[in-house]
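Residue numbers (the numbering used here): 72 to 395.
Ideal Cβ placement from N, Cα and C applies to all residues, glycine included.
In this text, all values refer to a predicted model and were calculated from it rather than measured experimentally.
Step one of this worksheet: look at the structure below.
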Amino acid sequence: MKKIVITGANGFIGSFLAKELLKRDFEITCLVRQNSDIMLLPSNCNLVRVDYQNKDQLKKLLKKNEVLIHTAALTKAKNWAEFKKNNIDLTESLLDIYNSTASLKQFIFLSSQAVSGPSKKFEFKNETDECLPISKYGKSKLLAEELIQSKAKKSWTIIRPAAVFGPGDKDFLTYFILIKKHISLFAGNKNKQISLIYVQDLVNLIISTLGNKNAFNEIFFASGLDVRLEEFSQNLEKVLQTSSLKITVPDFLLDIVAIFFEFISLFSKKTSLLNRDKIKEMKQESWLVSNEKAKRILNFEPAKNLLDNITATFEWYKENNWIK
């Protein structure tokens, strides 16, 4: 399968995926919203600005392609209606087109670890565990997953990444900036455990599912390594060659900060960077998932060197002036 359409191709993961597919001589079409920033996209991709609400336009764009990789999503929103429109309704529209387009053979959906909810301490969630999302984002992605599983008339693959970091990522950028300013901030507890995946490893996993019958109608967690927040912070200090003041923010203060940001966002068109939904996820003691299924079925082998991956990310931030 060589002809691929990527939704949300301008995003951190979508753009990295586009670059890797072009390196491997796939023919790709990169779909982005009308007003999207495309600075991360390679200049040699087939870029199409699209109105995701226009089904006729989408049908024309998806014709004659073989695989649809749906990475477009809203991770932060002011209300449930925005999550529904962008994460559920769009998935349903694409699924309808997928079902009725003869050339399309595989629907790959980039979901999220948020679908499963937090894990119990020192325990790893796997794909057969009950999904108990605690955020609106997680619930919206779960409903999108359920649509795919119940309505897809052809092969689908669902991938649930753990926290993704790497060149081009804005979420982890904040940690780098704080460490550079000699500050390590921890939400409630510096010993909280999280699963991480480097963006190159995630992209390799996605590509390994292309046309792979073993991946058809399957769900995979995508994680590379598991760390304590303090351990991640210590590795950042090593790469940045600095030390930092460790500050633990108590839960009640996190709630106050979230309410403040939500209030400010009422007077802005922009979505709040922090809200009570996000804080609810940050308060959890453990977000661990198992990658055993991906290893067993897809021969997935993530890179193990956290320091190397943090270094590559930091170098990219510097080269692109994201960190001064």
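query	result
Of the listed residues I381, Q128 and S304, nearest to D240 (C-alpha basis)	I381
Collapsed DSSP secondary structure at S95 in the structure displayed	The question names Ser, but residue 95 in the sequence shown is Arg. In the structure shown, R95 sits in coil (DSSP, three-state: anything other than H, G, I, E or B).
Candidates K351, D127, G295 and K90, of which the one nearest A185 by Cα	K351
Sequence-distant residues of its chain with Cβ nearer than 7 Å to K375 (five each side left out)	L296
Distance CB(I75)-CB(I140) smaller than 8 Å	yes
Per-residue burial, K212 [other beta carbons within 10 Å of its own, 16 or more giving buried]	buried
Whole-angstrom distance between K284 and K149, CA atom to CA atom	39 Å
Spatially closest choice to M110 from N125, R95, A80 and D127, by CA coordinates	A80
Nonlocal neighbours in the same chain, by C-beta distance under 6 Å from S339, ignoring five residues either side	none
Euclidean distance between Cα positions of G85 and L166	19 Å
Cα-Cα separation between S304 and L273, rounded to whole angstroms	22 Å
Beta-carbon separation (whole angstroms), V320 vs L256, contact threshold 8 Å	6 Å
Buried versus exposed, by CB contacts within 10 Å (16 or more), D348	buried
Contacting residues, own chain, Cβ-Cβ under 8 Å from A233 (five flanking each side not counted)	Q184, I265, S266, L267, I268, F292, A293, S294, G295, W358 and V360
Beta-carbon separation (whole angstroms), E216 vs F180, contact threshold 8 Å	7 Å
Beta-carbon proximity of E98 to K73, cut-off 8 Å	yes
Cα-Cα separation between T162 and T384, rounded to whole angstroms	31 Å
Cβ-based neighbour list, V310, same chain, cut-off 7 Å, excluding 5 preceding and 5 following	L378, I381, T382 and F385
Three-state secondary structure assigned by DSSP to S304	helix
Same chain, Cβ closer than 6 Å to F193, five either side skipped, listed in chain order	none
Opening and closing residue of the alpha helix (DSSP H) in which W151 lies	W151 to F154
Three-way DSSP call (helix, strand, coil) for W358 in this model	strand
Option in K366, Q355, F195 and R120 with minimal Cα separation from S206	Q355
Beta-bridge pairing of W227 - partner residues as DSSP gives them	F178
C202 to P189 span [Cα, whole Å]	9 Å
Alpha-carbon to alpha-carbon, G237 and N106	24 Å
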